[in-house]
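Visitor: Protein chains in written order, with my numbering: chain A, 994 to 1279; chain B, 15 to 343.
1. Which first and last residues belong to the alpha helix (DSSP H) in which residue 94 (chain B) is found?
2. Between residue 1252 (chain A) and chain B, is any beta-carbon pair separated by less than 8 Å?
3. With 16 other CB atoms within 10 Å as the buried threshold, where does residue 1278 (chain A) fall?
4. Could you tell me the distance, in whole angstroms, from the CA atom of residue 40 (chain B) to the CA atom of residue 173 (chain B)?
5. Based on Cα-Cα distance, which residue from B:209, B:264, B:165 and B:274 lies nearest to residue 291 (chain B)?
6. Starting from residue 53 (chain B), trace the beta strand (DSSP E) in both directions and tell me its first and last residue.
7. On the three-state DSSP scale, how would you describe residue 109 (chain B)?
8. So, for residue 243 (chain B): in the same chain, excluding its five sequence neighbours on each side, which residues have a beta-carbon less than 6 Å away from its beta-carbon?
9. My output table needs one value for residue 1102 (chain A): the three-state DSSP class, helix, strand or coil.
10. Cβ of residue 1129 (chain A) less than 8 Å from any chain B Cβ?
11. Whole angstroms are fine: how far does the CA of residue 1262 (chain A) sit from the CA of residue 1018 (chain A)?
12. Would residue 1151 (chain A) and residue 1231 (chain A) qualify as a contact pair, given that the criterion is a beta-carbon distance under 8 Å?
13. Report yes or no: is there a C-beta of chain B within less than 8 Å of the C-beta of residue 970 (chain A)?
14. Taking Cβ positions, are residue 163 (chain B) and residue 178 (chain B) nearer each other than 8 Å?
15. Alpha carbon to alpha carbon, what distance is there between residue 132 (chain B) and residue 140 (chain B)?
16. Please identify, using Cβ separations under 8 Å, the residues of the stretch 68-79 of chain B that lie next to chain A, in order along the chain.
17. Skipping 5 residues on each side, what residues in its chain have a beta carbon closer than 8 Å to that of residue 1000 (chain A)?
18. Thinking residue 196 (chain B) and residue 31 (chain B) are a contact (beta carbons under 8 Å), I'd like their distance in whole angstroms, please.
19. Under 8 Å, Cβ to Cβ, is there at least one residue of chain A near residue 345 (chain B)?
20. Within the 8 Å Cβ cut-off, does residue 1119 (chain A) reach chain B?
21. Give, in chain order, every residue of the stretch 1028-1062 of chain A whose Cβ lies closer than 7 Å to some Cβ of chain B.
22. Any beta carbon of chain A sitting closer than 8 Å to that of residue 276 (chain B)?
23. Check whether the stretch 293-303 of chain B and the stretch 245-252 of chain B touch, using three or more Cβ-Cβ pairs below 8 Å as the test.
24. Note the first and the last residue of the continuous alpha helix (DSSP H) segment covering residue 1007 (chain A).
25. Which residues of chain B have a Cβ atom closer than 8 Å to the Cβ of residue 1149 (chain A), listed in chain order?
26. Along chain B, in chain order, which residues have C-beta atoms closer than 8 Å to that of residue 1092 (chain A)?
27. Does the pairing of the stretch 1214-1227 of chain A with the stretch 1249-1258 of chain A give three or more beta-carbon distances under 8 Å?
28. Within the same chain, show all residues whose beta-carbon is closer than 6 Å to that of residue 995 (chain A), passing over the 5 residues directly before and after it, in chain order.
29. Between residue 1099 (chain A) and chain B, is the shortest Cβ-Cβ distance under 8 Å, so that the two count as touching?
30. What do you get for residue 1217 (chain A), buried or exposed, if any count of 16 or more other CB atoms within 10 angstroms of its CB means buried?
31. Look up residue 204 (chain B) in the DSSP assignment and say whether it is helix, strand or coil.
32. Does DSSP put residue 264 (chain B) in a helix, a strand or coil?
33. Taking the alpha-carbon of residue 1142 (chain A) as reference, which of A:1029, A:1133, A:998 and A:1166 has the nearest alpha-carbon?
34. Going along the stretch 117-130 of chain B in order, which residues come within less than 9 Å of chain A, judged by CB to CB distance?
35. So, using beta-carbon positions, are residue 997 (chain A) and residue 118 (chain B) closer together than 8 Å?
36. Between residue 1103 (chain A) and chain B, is any beta-carbon pair separated by less than 8 Å?
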């Protein structure tokens, strides 16, 4: 289902509300990363990815790997909004017996392409998939997308995969980096500096784009550019604000691994439902 | 049914071949039978005997360079794309270095990624302790979904390769560098999860995995000269363990010896001791590496140094047999 830009913006807001509600209900989980990724996931699931929510294993689908598995609440929310499963199931996040594990598991939930959580392994899986399509099966109308966190780039496995994808010119591979500048121990540039990030990826043979990760048009355009490049893999460095949309969470690395309590969730939902007080919204102030 | 043996085994010039050579032939044959088979190597293509596959199917061979974490995770992605990926390196590096990636992206993710660990065990010889992987059996057999196989010789390694190509599960195949005696015949049975009685005996049972079974066959001859009637059971599949065959033989003989060229802690001996401890407690002697690393040397010198030569194994078992009583139900 491809939506217009303004419809996708509304979906991103719905996804943020879902994230707050499910995390508060779960009582544990990561807040900042998922909120920061809501715009990109809305763009992925409502414009970029060629998928059939009612047929997750459709052979002609585009494939999406989530490498930074701890941000999976945003993927669950986007999948529910897109119709992979009922939104009610979001409330089972992290509960015993749920298909919505704290970190995603392929065998539990159709539509999850791989199990992830331990960082650094998504890019190489996406590269393996893209290699199969491009160099073995000669299928050139399917694309493989992967989301990585920026803190995750500390992992050596990422750079092994970056070399690999560069060598084999995996042009059907399009990677996103969630450049939100935070990781658990603090600012990325304090913990382990990543800059010159663009230069690093270019030197590994990648086509590099830098965008505002909250601008739906930019996100869709960048993916489109990535698909048009035929001699290199593409990486999209998406600058995002951790906790985006909930003012008291924005930019604060303390919200990396913390859920909101009920009072914080109520405040967050009011912000989201009124777009920070700019509009009135049915159900605002609940 | 009597287990068919290679006729040269007890002759003066037994046939010798490394198990990795059997893997190379088996992989090529598996590739001919199924075009979903792909092979990935971390800069050790000829050494791990993947070159036969590479020459036959260049389009389905992927060089990943010296990057074992990438090796197994790229393979996992290829499995998601419908392939059956075989990955090869030295066991010290895969699964030695990339165990978490194997755990998450192959085992928990339940993808049919095949981990081929060559140059495992004491037979790695002169390269020394860093390359003599002794902990791989323990590392791999604790993983849910994982199948763990240590073939006894090159003929069986070829069959084991064909078998894991079609089992649909993440699987680990343990291979040796040096030439070892070929005791099985082309018509010998091999099935994943099955143990085979190579020699009947009544006073104790010798259980071998991998290349140690050939030594145990010779040890049984020596023990017979000293009046000890030992059964020999070959256990190529360490996970899942053939509990029925092992319990039957244990019940008949009342005492069990295990042998592996790996750490006994958590290894094959550990697996057998767990089984017998729970279901049929009896005297167990575990032979293998005992909480120490290897070192450089010719394999024969090293097996002697570690108490794992045929002569030293025989002596240990004789002493142990004198000190222990057979279990009677």
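The beta carbon of each residue, even a glycine, is placed where N, CA and C say it ideally should be.
Guide: So, from the listed chains and residues:
1. Where residue 94 (chain B) is concerned, the enclosing alpha helix (DSSP H) starts and stops at 82-94.
2. Taking Cβ atoms only, chain B never reaches closer than 8 Å to residue 1252 (chain A), which makes this a no.
3. At residue 1278 (chain A), the pLDDT of 39 sits below 50, so the modelled position is not reliable; the number obtained from the coordinates is stated separately. Residue 1278 (chain A) sits exposed, since fewer than 16 C-beta atoms from the chains shown fall within 10 Å of its C-beta.
4. Roughly 7 Å separates the two Cα atoms.
5. For residue 291 (chain B), the nearest C-alpha among the options comes from B:264.
6. 51-55 is the extent of the beta strand (DSSP E) around residue 53 (chain B).
7. Reduced to three states, the DSSP call for residue 109 (chain B) is coil.
8. For residue 243 (chain B), where only same-chain residues beyond five positions count, the Cβ hits under 6 Å are 215, 216 and 217.
9. In the three-state DSSP reduction, residue 1102 (chain A) falls in the coil class, being neither helix nor strand.
10. It does: the Cβ of residue 1129 (chain A) has a partner Cβ on chain B nearer than 8 Å.
11. Rounded to the nearest angstrom, the two C-alpha atoms are 13 Å apart.
12. At a Cβ-Cβ threshold of 8 Å, residue 1151 (chain A) and residue 1231 (chain A) do not count as neighbours.
13. Residue 970 (chain A) is absent from the structure shown; chain A starts at 994 and stops at 1279.
14. The answer is yes: Cβ separation under 8 Å.
15. Each residue's alpha carbon lies about 15 Å from the other.
16. Listed by position along the chain: 73, 74, 76, 78 and 79.
17. In its chain, beyond the 5 residues on either side, 1039 have a beta carbon closer than 8 Å to the beta carbon of residue 1000 (chain A).
18. Rounded to the nearest angstrom, the Cβ distance from residue 196 (chain B) to residue 31 (chain B) is 6 Å, consistent with a contact under 8 Å.
19. No answer is possible for residue 345 (chain B): it lies beyond the span of chain B, which begins at 15 and ends at 343.
20. Judged by the 8 Å Cβ criterion, residue 1119 (chain A) is in contact with chain B.
21. The stretch 1028-1062 of chain A vs chain B, Cβ under 7 Å: nothing.
22. Output row for residue 276 (chain B): interface = no.
23. Verdict: no, contact absent.
24. Where residue 1007 (chain A) is concerned, the enclosing alpha helix (DSSP H) stretches over 998-1019.
25. What residue 1149 (chain A) touches in chain B: 83.
26. Those do not exist, as residue 1092 (chain A) stays about 15 Å from chain B at its closest Cβ, beyond 8 Å.
27. Of all C-beta pairs linking the stretch 1214-1227 of chain A to the stretch 1249-1258 of chain A, fewer than three are shorter than 8 Å, placing the two stretches out of contact.
28. So the list reads 1040, once near-sequence residues are dropped.
29. With 8 Å as the cut-off, residue 1099 (chain A) counts as an interface residue toward chain B.
30. So residue 1217 (chain A) counts as exposed.
31. In the three-state reduction of the DSSP assignment, residue 204 (chain B) falls in the coil class, being assigned neither a helical nor a strand state.
32. Correct three-state label for residue 264 (chain B): helix.
33. Considering only A:1029, A:1133, A:998 and A:1166, the residue with the shortest C-alpha distance to residue 1142 (chain A) is A:1029.
34. Only those residues of the stretch 117-130 of chain B whose C-beta falls short of 9 Å from the nearest C-beta of chain A are listed: 117, 118, 119, 122, 123, 124 and 125.
35. In this structure, residue 118 (chain B) does not lie closer than 8 Å to residue 997 (chain A) by Cβ.
36. Nearest CB-CB separation between residue 1103 (chain A) and chain B: not below the 8 Å threshold.
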